[in-house]
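**Q** Here you go, one structure.
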Amino acid sequence: MTINASTERTRDLSAAIRHHMEGRYDDAERGYAFLREANPHDEEVLYLTGVLCCDLGIHAAACPFLEQALIESPVFPEARAQLIKASTAAGQQAVAQNELTTAESACRRALQLDAGAADAWRTLGQIALLRAQWQEAEASLEKSLRSAPDDLDALNWHGLACVQQKKYLQGRTSLERLLKLKPDLVQAHTNLGLCLLGLGELHPAEASFQRALHHAPGDVSARINLANTLRIRGKAEEARTVLESVIRDAPGLADAHNNLGTVLQDLGQAQAARERLEIALALAPDSSQVRWNLALSQLLLGDETAGWANFEARWDGCSNLAGAYNKPKARAWQGEALKGKTVLLWAEQGLGDTLQFIRYANTLAGQGATVLAEVQPELQALIAHMPGVSRSIARGQSLPDYDFHCPLMSLPLHLGIDGAAPYLHAAADKAAAWKTRLNGYRRPRIGLVWAGRSRVQNPELDAIDRRRSVSLKQLAPLTALTHCSFFSLQKGGPAAELGASNLPIHDFSAQWQDLADTAAFIENLDLVISVDTAVAHLAGALGKPVWLLNRFDSCWRWGMERSDTPWYPKLRQFRQPRPGDWETPINALLEELRSFAAETVAG
402 MTINASTERT RDLSAAIRHH MEGRYDDAER GYAFLREANP HDEEVLYLTG VLCCDLGIHA
462 AACPFLEQAL IESPVFPEAR AQLIKASTAA GQQAVAQNEL TTAESACRRA LQLDAGAADA
522 WRTLGQIALL RAQWQEAEAS LEKSLRSAPD DLDALNWHGL ACVQQKKYLQ GRTSLERLLK
582 LKPDLVQAHT NLGLCLLGLG ELHPAEASFQ RALHHAPGDV SARINLANTL RIRGKAEEAR
642 TVLESVIRDA PGLADAHNNL GTVLQDLGQA QAARERLEIA LALAPDSSQV RWNLALSQLL
702 LGDETAGWAN FEARWDGCSN LAGAYNKPKA RAWQGEALKG KTVLLWAEQG LGDTLQFIRY
762 ANTLAGQGAT VLAEVQPELQ ALIAHMPGVS RSIARGQSLP DYDFHCPLMS LPLHLGIDGA
822 APYLHAAADK AAAWKTRLNG YRRPRIGLVW AGRSRVQNPE LDAIDRRRSV SLKQLAPLTA
882 LTHCSFFSLQ KGGPAAELGA SNLPIHDFSA QWQDLADTAA FIENLDLVIS VDTAVAHLAG
942 ALGKPVWLLN RFDSCWRWGM ERSDTPWYPK LRQFRQPRPG DWETPINALL EELRSFAAET
1002 VAG
């Protein structure tokens, strides 16, 4: 670097530097400006002007001076280092002013000079978080942490980015490291609690939220997440208390009203839940999550018109389904005339949902449509036999051309409730084969399902599964009716309970490859007794009598306090009168079963 050595320049520059070092910034700025006017290409003066701008906190203004200094003298390490700092700081200031595009440009300028600049990568990660670009945030923050592994903000934000992507193990690693460095960081305890909750570690999650509240008793985020954890653990009353205290402190917080609405629904207070969710929606009218929860409440209470309209919020980022809408929305069916058109109906949620809502295929065929059905592989063969379905396609296979498509659970919005059954039929040859094999078993022949499918990857759904399921031991009193024949329709892990018992229940389930095989077997039964699973829907769709053991906090589709359902004419409900009480509905079912058995034998 060549420095102008003229006596006059040296004197003026020394004076400006002295003003700068002693904090007389206005005098320093005038001195540097005088020198720049004398020689606009003086790299040292340009550099010092940039440093002065940084000292004044106007980092964006510093960057042009530092860039010009590097143009004049490309090998100028001090100017290069200062430009990296100034660009990153300018980016951070732009973030604070919500000027994210400007912030990103500044940080990328820093990274052009130093690809490993930790602060710039961290700020890019923060920008991505603010844009809800979780994957980009994670990648940027990982690069930041390679250079600065103990950066508190980078660790915390990396943990949050991982939570948003359900990468709970990676998030946990960052947050636990962070808390070793700063044990009193409230947000880190809260984010760690979210990781633990996502991993299904409910007790540690609750403890993590409690630690956050130990350091900041009024922290709203920690209180709301604690309430959510308590709810999942089955402590709905405790969750209610926490949320009511949050609302007293922050009555305008939509999240608190929304979560309280879901808790009230768990407590069987459906009308109060709806009212609370309506408050939440008034506070946050654009919240798809609130609208979705309100839809479930409205449907539970029988408000079909409002409920199905709000049910469409499921595609707007409020649930795990948001990423499942992989069809072109421009061609979604909205009730248009279908004569001569091809419409694709596609499965969106669980097997039971597909079985319940595929009923509309025949309705659309009656309107002149050619109906294609894209369903889970387990259902492909069964749906292929359904009246109105021209072609059944297993999910993942290539699709033919179509004019419109419609996710199955959007059909009631346009068509209302269709309670006709049966609308599914087993293959005649398979049903006949089972008729021959079961001919020697006493009637009534009764199928049993006592448990759903565990979903440990989703703690909330897993908690629902625990609430809807019973143990085989709890159904044992039914098998004392020796003039009945009982058959297991149970699949999955809970089926092992049968092998560990000596109950008189026959099991042919190993011979069923898919639900078409199960349907052929059910066609030869007189009754299916089931908790809220896909088998209950299958039997109902086949037109068989179904007795549903239903949990206290009923799924929206079964309504409130009714023993029947508009969806299946031969389905009866035996409901828990209070959470956890299966003895009452099972005893009631047992009494009804005695009468049913006697009538079947007499008939």
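Position 169 (the sequence shown) corresponds to 570 in my numbering; numbering is contiguous.
By construction, the Cβ of each residue, glycine as well, lies at the ideal position given by its N, Cα and C atoms.
Only a predicted model underlies this, so the values are computations on that prediction, with no experimental measurement involved.
(1) On the three-state DSSP scale, how would you describe Leu661?
(2) Residue range of the beta strand (DSSP E) that Gln974 falls in?
(3) Mind checking who Ile794 pairs with in its DSSP beta bridge?
(4) Would Arg979 be called buried (16 or more neighbouring beta carbons within 10 Å of its own) or exposed?
(5) Return yes when the Cβ of Leu586 is within less than 7 Å of the Cβ of His559, no when it is not.
(6) Can you tell me the Cβ-Cβ gap for Thr743 and Asp804, rounded? I've got them flagged as a contact below 8 Å.
(7) Could you check if Ala940 is buried or exposed, using at least 16 other CB atoms within 10 Å of its CB as the buried criterion?
(8) Would you please state the rounded distance, in angstroms, between the beta carbons of Ala1051 and Ala495? I believe it to be under 8 Å.
(9) Locate the beta strand (DSSP E) running through His806, then write down its first and last residues.
(10) In angstroms, rounded to a whole number, what distance separates the CA positions of Leu627 and Gln670?
(11) Tell whether a beta-carbon distance below 7 Å holds between Asp954 and Asp667.
(12) Contact check, Arg715 vs Trp734 under 8 Å by CB: the rounded distance?
(13) Classify Asn951 as helix, strand or coil using the three-state DSSP reduction.
(14) I need the DSSP call for Arg634, collapsed to helix, strand or coil.
(15) Identify every run of the alpha helix (DSSP H) within the region 848-893, keeping only runs that are complete inside it and at least 4 residues long; order them along the chain.
(16) Quickly, what does DSSP pair Ile528 with across the bridge? List them, please.
(17) Where are the alpha helix (DSSP H) runs, 4 residues long or more, that stay fully inside the region 535-599, in chain order?
(18) Judging by CA-CA distance, which residue of Arg510, Glu500, Ser799 and Pro788 is the nearest neighbour of Ala822?
(19) Please list the terminal residues of the continuous beta strand (DSSP E) segment that includes Trp959.
(20) Leu556 and Leu579 - do their beta-carbons sit closer together than 7 Å?
(21) Where Ala748 and Gln798 are concerned, what is the direct C-alpha to C-alpha distance, given to the nearest angstrom?
(22) Who pairs with Trp693 in a beta bridge, going by DSSP?
(23) Counting C-beta neighbours from all protein chains within 10 Å, is the total for Ile818 16 or more, i.e. buried, or is it exposed?
(24) Just list the alpha helix (DSSP H) runs in the region 894-934, keeping only unbroken ones of 4 residues or longer that don't cross its boundaries, in chain order.
(25) Would you list the residues sitting across from Trp747 in a DSSP beta bridge?
(26) Between Cys906 and Phe887, how many whole angstroms is the CB-CB distance? I'm expecting something under 8 Å.
(27) From the DSSP output, read off the bridge partner residues of Ala733.
(28) If you follow the alpha helix (DSSP H) that Met422 is in, where does it begin and where does it stop?
(29) Taking 7 Å as the CB-CB cut-off, is Ala911 touching chain E?
(30) If you check the beta carbons only, do Leu991 and Pro878 fall under 7 Å apart?
(31) Could I get the ranges of all uninterrupted alpha helix (DSSP H) runs contained in the region 452-537, with 4 residues as the minimum, in chain order?
**A** In this structure, then:
(1) The residue given as residue 661 occupies position 260 in the sequence shown. In the structure shown, Leu661 sits in a helix (DSSP, three-state: H, G or I).
(2) By 1-based counting over the sequence shown, the position of residue 974 is 573. In the DSSP assignment, Gln974 falls within the beta strand (DSSP E) that extends over Leu972 to Arg976.
(3) Start at 1 with the first residue of the sequence shown, and residue 794 comes out as number 393. Beta-bridge pairing links Ile794 to Glu775.
(4) Here residue 979 corresponds to residue number 578 of the sequence shown, with the count starting at 1. Exposed, since its Cβ has fewer than 16 Cβ neighbours within 10 Å.
(5) Taking the sequence shown and counting its residues from 1, one reaches residue 559 at position 158. Taking the sequence shown and counting its residues from 1, one reaches residue 586 at position 185. No, the pair does not count as a contact, with Cβ atoms beyond the cut-off.
(6) Counted from its first residue, the sequence shown places residue 743 at position 342. Counted from its first residue, the sequence shown places residue 804 at position 403. About 5 Å; that satisfies the 8 Å criterion.
(7) To locate residue 940, count along the sequence shown from 1; it is residue 539. Ala940 comes out buried.
(8) Residue numbering for the chain in the displayed model covers 402 to 1004; residue 1051 lies beyond these limits and cannot be assessed.
(9) To locate residue 806, count along the sequence shown from 1; it is residue 405. Element bounds for His806: Phe805 to Pro808.
(10) For the purposes of this step, residue 627 is taken as residue 226 along the sequence shown, with counting starting at 1. For the purposes of this step, residue 670 is taken as residue 269 along the sequence shown, with counting starting at 1. The alpha-carbon atoms of Leu627 and Gln670 are separated by roughly 21 Å.
(11) Indexing the sequence shown from 1 puts residue 954 at position 553. Indexing the sequence shown from 1 puts residue 667 at position 266. Yes; because the gap between Cβ atoms is below 7 Å, this pair is in contact.
(12) One-based indexing of the sequence shown puts residue 715 at position 314. One-based indexing of the sequence shown puts residue 734 at position 333. Not really, about 17 Å apart at Cβ, beyond 8 Å.
(13) By one-based count along the sequence shown, residue 951 stands at place 550. Three-state result, Asn951: strand.
(14) Taking the sequence shown and counting its residues from 1, the one referred to as residue 634 is at position 233. Correct three-state label for Arg634: coil.
(15) 860-869 and 873-876
(16) Sequence index remark: in the sequence shown, residue 528 carries index 127 (1-based). Partner(s): none; Ile528 has no beta bridge.
(17) List check, alpha helix (DSSP H) in window: 535-548, 553-565, 569-582 and 587-599.
(18) On the sequence shown, position 421 is the one that residue 822 refers to. Residue Pro788 is the option with its Cα nearest to Ala822.
(19) Stepping through the sequence shown from its first residue, residue 959 is reached at position 558. Trp959 -> no beta strand (DSSP E), and no H or E assigned at all.
(20) Within the sequence shown, the letter at position 178 stands for residue 579. Within the sequence shown, the letter at position 155 stands for residue 556. Yes, they are a contact pair.
(21) Position 347 of the sequence shown holds residue 748. Position 397 of the sequence shown holds residue 798. C-alpha separation (whole angstroms): 13 Å.
(22) Position 292 of the sequence shown holds residue 693. DSSP, once it has assigned bridges, lists no residue as partnering Trp693.
(23) Along the sequence shown, one-based indexing puts residue 818 at 417. Taking every protein chain shown into account, the CB of Ile818 has fewer than 16 other CB atoms within 10 angstroms, so this residue is exposed.
(24) 897-900 and 916-923, all fully within the region 894-934.
(25) Here residue 747 refers to the residue found at position 346 when the sequence shown is read from its first residue. For Trp747, which the question treats as bridged, DSSP gives the partners Glu775 and Pro808.
(26) To locate residue 906, count along the sequence shown from 1; it is residue 505. To locate residue 887, count along the sequence shown from 1; it is residue 486. A small correction: the amino acid at residue 906 is Ile; Cys does not occupy that position in the sequence shown. That belief holds up - the Cβ atoms of Ile906 and Phe887 are roughly 5 Å apart, short of 8 Å.
(27) Taking the sequence shown and counting its residues from 1, the one referred to as residue 733 is at position 332. In DSSP, Ala733 forms a bridge with His806.
(28) In the sequence shown, the residue the question calls residue 422 occupies position 21. Residues Thr408 to Met422.
(29) The question asks about chain E, but that chain is absent: this structure has only one protein chain.
(30) Position 590 of the sequence shown, counted from the first residue, corresponds to residue 991. Position 477 of the sequence shown, counted from the first residue, corresponds to residue 878. Their beta carbons are under 7 Å apart, which means Leu991 touches Pro878 by this criterion.
(31) 460-473, 478-497, 501-514 and 519-531
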